[in-house]
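Asker: Structure provided below as structure tokens; questions to follow.
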DNA sequence: AAGTATGTTGAATCAGCCC
DNA sequence: GGGGCTGATTCAACATACT
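Protein chains in written order, with the UniProt record's numbering: chain H, 1 to 379; chain Y, 1 to 379.
Pasting the structure below:
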């Protein structure tokens, strides 16, 4: 057999476009419609905010605030903005893999409409995440609270999609060993990170900080995943994806932005492989049937298991089940039964006694796993 | 002014609308329709969130989470929820004075629909304000980010209403003389503040902390103003309004909640005029994720950490974990591992080397904290 | 009395795999 | 695709009991 199955599968069909690590010029809806169905793992979208600014805004010293007044941010009405939102969210959903997820960032001007459209189209919200800006623009007129945050919505493609990527252990380890919360603190994009034109003016009005996108991708993608950004702008998503060993697809209408993004991304170096590994917890450990402990000779059929308080005793049977009284079932079922609970982790509940010392059977499982790793059974 | 229980229950005569400091029993829409037009200064609304919970949820210790499964939170569809939302927002808008404002609190389950409806009905959003919970419930299954905040929308009755109340200087003074931001940190309502029944069970499943409502009223009302709460529950809004010298109108369907609210409010003493400023409590030391050091550029992915004696070396990964040998985990876990201990403070154990000098990463954490303090984002 | 250990609880859309 | 089994998963406050 000359060609392995995996080799065959890796080759893209001749008809499918090679679209990874490319910027597609054009409107986001038509460009997404041209992409293969179910082909991207994550979408990060920073759509127009539909800012409705009245007149010009001036600082207390009378200098004019450089507002977002680009043509692409103007919509005639909420209805027009909704129609646009639904169109691109629909096209995005087709491109997303069944277990893919989407992130959309916005402010109070547009995020409520985006969130409602997401729900209407069948997406299932997983979290809303607040980007707390450590250095937001002040409210110059003193008529409102300082607008110090933006909102990101993280949603799966379908309500019942349970297999989406969330690097829980990685996030927790990076956050002092407590769960990562839904409010994140980052500075806005300034200084050397902010792209400027030759005149020293900012190239894009709403360039997002790379740190923000980095946490998004580290949380919800694996190395090698494909990340689509339908409002690519100057390519922050592409730059971060490349640095983190993810593939990107960008869609952008403005050739000037595309040129800036290409130059920017080309200068990005991918981090070395070993810096990109993701912390994994117990969930990623290989399964070990309890019977393996018997087969490995670590526990003999007929041996007695007890809980830490020696209140319950179970007898090990040759087939990997255990018995308490007339009850014969798995270590988990029996552990639950004797405690009157609906569930129980038998690995941590049951112990074996040797010379008066109790050892949790989870310790024996660890030994089995070590052996498996040595034999190369487990990659 | 003494409030008797019978006085609280008295319905206002239709001819002379004396409706201040009363709880009206009934459905919020019909009760609001019976109120005079343009008669209240501020509305604070905590509507049903339309949580769509699946099965039971258990904590890791097998205890069952007491879910919000009350009938009033059940809606057949998003469409049904939208119809309900539009109905009460419409009735609320009629009751609101032209320069009045409305606050609505919600979570990602409902807040996007509320926000879109507000905009559709002609309200004008002034801010969205994030309530950051200092002690939120964890995500027990580790499948998402910890849901650590709720969102409040603050809106004026009309786009062109410029005369709404915003106590800018009061807010700024209460916030160490920097503008009050749109993200507020408060603990959830527990302990002595949480109303309990005779059996010691919580009286209401979603009682809000008084401190949160107090900041809302101190920001957007003047003493003597009338505050309407169409989902009065156990009367947090009424209690805070009375304490702060504002009038309230409550609407509530459940007689048991009304009885509890009456008793609660009757026990509240109005604060003396001069003491109506909020006290701000800052946490001792803000938590800094190790990942923040990477995001701040103080440590690069791939950098090497060593202990003070240079006996151990760990490599920093892009996701905020570190690695020694095959072990990938937090700075704390890896520090414990290499020393053969069960625990370790990674902040003081690990160092970075620059020009031959070892610096504990705790020093870098200190720098991050200083920056945060300078920007006023600690609290 | 002061500190330590243990138990309880909160607006929650909270599994993955094999057969 | 459905059914069944395995076995992984929590943070900050507050309350209570005990040393």
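The beta-carbon is built from N, C-alpha and C at its ideal position, and this holds for glycine as well. Given the structure is predicted, the values throughout are model-derived calculations rather than measurements.
Cα separation between residue 280 (chain Y) and residue 356 (chain H)?
Answerer: For residue 280 (chain Y), the predicted model reports a pLDDT of 45, less than 50, meaning its position is unreliable and no value from the coordinates is stated.
Asker: Looking at the secondary structure, which residues open and close the alpha helix (DSSP H) in which residue 351 (chain Y) lies?
Answerer: Per DSSP, residue 351 (chain Y) belongs to no alpha helix (DSSP H); it is in the beta strand (DSSP E), 351-354.
Asker: Between residue 278 (chain H) and the rest of its own chain, which residues show a CB-CB distance below 6 Å, the 5 nearest in sequence each way excluded?
Answerer: 167, 170
Asker: Say whether chain Y places a C-beta atom closer than 8 Å to the C-beta of residue 108 (chain H).
Answerer: Taking Cβ atoms only, chain Y reaches closer than 8 Å to residue 108 (chain H), which makes this a yes.
Asker: Nearest CA to the CA of residue 306 (chain Y): which residue from Y:270, Y:46, Y:346?
Answerer: Y:346
Asker: If we cut at 8 Å on Cβ distances, does residue 281 (chain Y) have a partner in chain H?
Answerer: Because residue 281 (chain Y) sits at a pLDDT of 41, beneath the cut-off of 50, its placement in the model cannot be relied upon, and the point is left open.
Asker: What are the boundary residues of the beta strand (DSSP E) that residue 250 (chain Y) is part of?
Answerer: 247-252
Asker: Measure the CB-CB distance between residue 183 (chain H) and residue 152 (chain H) and report whether it falls below 8 Å.
Answerer: Not a contact, by the Cβ cut-off of 8 Å.
Asker: Let me make sure I understand the geometry here. Which of Y:41, Y:36, Y:165 has the alpha-carbon closest to that of residue 142 (chain H)?
Answerer: Y:165
Asker: Determine the closest residue to residue 19 (chain H) out of H:27, H:317, H:30, H:40, with distance taken between C-alpha atoms.
Answerer: H:40
Asker: For residue 130 (chain H) and chain Y, any beta-carbon pair shorter than 8 Å?
Answerer: True, the Cβ-Cβ gap to chain Y drops below 8 Å.
Asker: Whose Cβ in chain Y lies nearer than 8 Å to the Cβ of residue 380 (chain H)?
Answerer: No answer is possible for residue 380 (chain H): it lies beyond the span of chain H, which begins at 1 and ends at 379.
Asker: By the criterion of Cβ-Cβ separation under 9 Å, what are the contact partners of residue 115 (chain Y) in chain H?
Answerer: Within chain H, the residues near residue 115 (chain Y) are 108, 111, 112, 113, 115, 116.
Asker: For residue 289 (chain H) and chain Y, any beta-carbon pair shorter than 8 Å?
Answerer: no
Asker: Please state if the CB of residue 148 (chain Y) and the CB of residue 181 (chain H) are separated by a distance shorter than 8 Å.
Answerer: yes
Asker: With distances taken between CB atoms, is the gap from residue 101 (chain Y) to residue 156 (chain Y) smaller than 8 Å?
Answerer: yes
Asker: Assuming the contact rule is C-beta atoms closer than 8 Å, residue 45 (chain H) and residue 230 (chain H) should be a hit. Round their C-beta distance to whole Å, please.
Answerer: 6 Å
Asker: Give me the residue from H:199, H:208, H:241, H:206 with the minimum Cα distance to residue 219 (chain H).
Answerer: Check the Cα spacing between residue 219 (chain H) and each of H:199, H:208, H:241, H:206: the tightest is with H:241.
Asker: Please list, in chain order, the chain H residues whose beta carbon lies closer than 9 Å to that of residue 302 (chain Y).
Answerer: 271, 272, 274, 275
Asker: Under DSSP, the beta strand (DSSP E) around residue 306 (chain H) begins and ends at which residues?
Answerer: 304-306
Asker: Could you give the C-beta distance for residue 225 (chain Y) and residue 253 (chain Y), rounded to a whole number, given that I count them as a contact under 8 Å?
Answerer: Not quite, the Cβ-Cβ distance comes to about 25 Å (not below 8 Å), so this is no contact.
Asker: Please identify the residue among Y:371, Y:294, Y:359, Y:289 whose C-alpha is closest to the C-alpha of residue 332 (chain Y).
Answerer: The option with the nearest alpha carbon to residue 332 (chain Y) is Y:289.
Asker: What ranges does the alpha helix (DSSP H) occupy inside the segment 71-114 of chain Y, keeping only unbroken runs of at least 4 residues that lie completely in it?
Answerer: 78-95
Asker: Looking only at its chain, what residues have a beta carbon closer than 8 Å to the beta carbon of residue 49 (chain H), apart from the 5 residues adjacent to it on each side?
Answerer: 68, 73, 106, 107, 109, 110, 206
Asker: Does DSSP put residue 188 (chain H) in a helix, a strand or coil?
Answerer: In this structure, residue 188 (chain H) counts as coil in the three-state DSSP scheme.
Asker: Are the CB atoms of residue 118 (chain Y) and residue 90 (chain Y) nearer to each other than 8 Å?
Answerer: In this structure, residue 90 (chain Y) does not lie closer than 8 Å to residue 118 (chain Y) by Cβ.
Asker: Compute the Euclidean distance between the alpha carbons of residue 352 (chain H) and residue 294 (chain H), then round it to the nearest angstrom.
Answerer: 13 Å
Asker: Output yes if chain Y places a C-beta closer than 8 Å to the C-beta of residue 367 (chain H); else output no.
Answerer: False, the Cβ-Cβ gap to chain Y never drops below 8 Å.
Asker: Buried or exposed: which applies to residue 367 (chain H), given that a residue is buried once 16 or more other Cβ atoms fall within 10 Å of its Cβ?
Answerer: Burial is judged here by how many other beta carbons sit within 10 angstroms of a residue's own beta carbon; residue 367 (chain H) has fewer than 16 and is exposed.
Asker: Go to residue 264 (chain Y), then tell me how far its alpha helix (DSSP H) extends in each direction, as first and last residue.
Answerer: 255-266
Asker: So, at 8 Å on beta carbons, what are the nonlocal neighbours of residue 37 (chain Y) in its own chain, with the 5 sequence-adjacent residues on each side left out?
Answerer: 94, 95
Asker: Between the beta-carbon of residue 250 (chain Y) and the beta-carbon of residue 261 (chain Y), is there less than 8 Å?
Answerer: The answer is yes: Cβ separation under 8 Å.
Asker: Between residue 82 (chain Y) and residue 120 (chain Y), what straight-line distance do the alpha-carbon atoms span, to the nearest angstrom?
Answerer: 11 Å
Asker: Looking at the structure shown, is residue 171 (chain H) part of a helix, part of a strand, or coil, going by DSSP?
Answerer: helix
Asker: Quick one: Cα of residue 286 (chain H) to Cα of residue 28 (chain H), how far?
Answerer: 42 Å
Asker: If you draw a straight line from the C-alpha of residue 217 (chain H) to the C-alpha of residue 270 (chain H), how long is it?
Answerer: 14 Å
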